[in-house]
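For the sequence shown, position 86 (counting from the first letter as 1) is numbered 86 according to full-length UniProt numbering, and the numbering increases by one without interruption.
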Amino acid sequence: YESDDIIKYLVNKYGNGQVPLLLSLGLLTTLTEGFAMIGRLGRGQSYTPAKLPPKPLVLWAYEGSPFCKVVREALVELELPHIQRSCARGSPKRQELYARVGHFQVPHLEDPNTGVQMFESAEIVEYLKATYAI
Numbered sequence: 001y002e003s004d005d006i007i008k009y010l011v012n013k014y015g016n017g018q019v020p021l022l023l024s025l026g027l028l029t030t031l032t033e034g035f036a037m038i039g040r041l042g043r044g045q046s047y048t049p050a051k052l053p054p055k056p057l058v059l060w061a062y063e064g065s066p067f068c069k070v071v072r073e074a075l076v077e078l079e080l081p082h083i084q085r086s087c088a089r090g091s092p093k094r095q096e097l098y099a100r101v102g103h104f105q106v107p108h109l110e111d112p113n114t115g116v117q118m119f120e121s122a123e124i125v126e127y128l129k130a131t132y133a134i
């Protein structure tokens with residue numbers, strides 16, 4: 001499938017049927033999304049061998065945060081199973097995270113395999129590499 005077909009399907013299935021303007025520009029959308037990756041120098045596109053944890057990790061994050069993006073890239077590169085709890089502005093998940101840890105800050109990682117819970121993207125990435133990378 002082409003990206004445009006996938007976007008249309010998702011908007012029709014889960015949204016209001018209206019594709020947002022910035023996602024309906026065809027090739028221009030694809031090109032501009034590609035430009036966004038230039039600054040990341042290909043992060044999230046490679047594989048780093050890792051130990052598979054018995055239980056999936058839990059990442060509290062939202063798409064618009066560059067700090068969350070860094071952690072998601074590390075999870076993808078290590079191919080670590082994880083559940084993302086999306087907590088964008090206006091989401092009830094923000095209050096849920098606040099109730100769990102006493103304040104709202106993302107990214108927040110919970111590792112049920114080790115009991116570790118932590119904030120700060122650089123520290124999370126270092127933890128993931130130290131704990132799971134082979």
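Cβ coordinates follow ideal geometry from the N, Cα and C atoms, glycine included.
Note to self: My output table needs one value for Q95: the three-state DSSP class, helix, strand or coil.
What the structure shows: In the sequence shown, counting from the first residue as 1, residue 95 sits at position 95. Correct three-state label for Q95: helix.
Check: Run through DSSP, which three-state label would E73 get?
Finding: For this step, residue 73 is matched to residue 73 along the sequence shown. Helix.
Next item on the list: Indicate the three-state DSSP secondary structure (helix, strand or coil) for residue 144 in the structure shown.
Entry: The structure shown does not extend to residue 144, since the chain is modelled only from 1 through 134, so no value can be given for it.
Item checked: DSSP bridge partner residues for D111 (one or two, in chain order) -> What you label residue 111 is simply residue 111 of the sequence shown in a count that begins at 1. D111 pairs with V116.
Notebook entry, point to check: Got a sec, what are the start and stop residues for the beta strand (DSSP E) S86 sits in?
Noted result: Indexing the sequence shown from 1 puts residue 86 at position 86. Segment 82-86, the beta strand (DSSP E) holding S86.
Next item on the list: Apply the 10 Å Cβ neighbour rule to L78 and answer buried if 16 or more other Cβ atoms are within range, or exposed otherwise.
Entry: Locating residue 78 in the sequence shown gives position 78, where the first residue counts as 1. L78 comes out buried.
Check: With a cut-off of 8 Å, do at least 3 Cβ pairs link the stretch 53-68 to the stretch 106-121?
Finding: By the Cβ rule, the stretch 53-68 counts as touching the stretch 106-121, because three or more pairs are nearer than 8 Å.
Check: Are L128 and A74 touching if we call contact CB-CB under 8 Å?
Finding: Here residue 128 refers to the residue found at position 128 of the sequence shown. Here residue 74 refers to the residue found at position 74 of the sequence shown. Contact flag set, yes.
Item checked: C-beta atoms of V76 and V125 nearer than 8 Å -> Numbered from its first residue, the sequence shown carries residue 76 at position 76. Numbered from its first residue, the sequence shown carries residue 125 at position 125. Taking 8 Å as the Cβ cut-off, V76 and V125 do not qualify as a contacting pair.
Margin query: Can you list, in chain order, the residues of its chain with a C-beta nearer than 7 Å to that of residue 135? Leave out the 5 residues immediately preceding and following it.
Written below: Lying outside 1 to 134, the shown extent of the chain, residue 135 is not represented and no answer is given.
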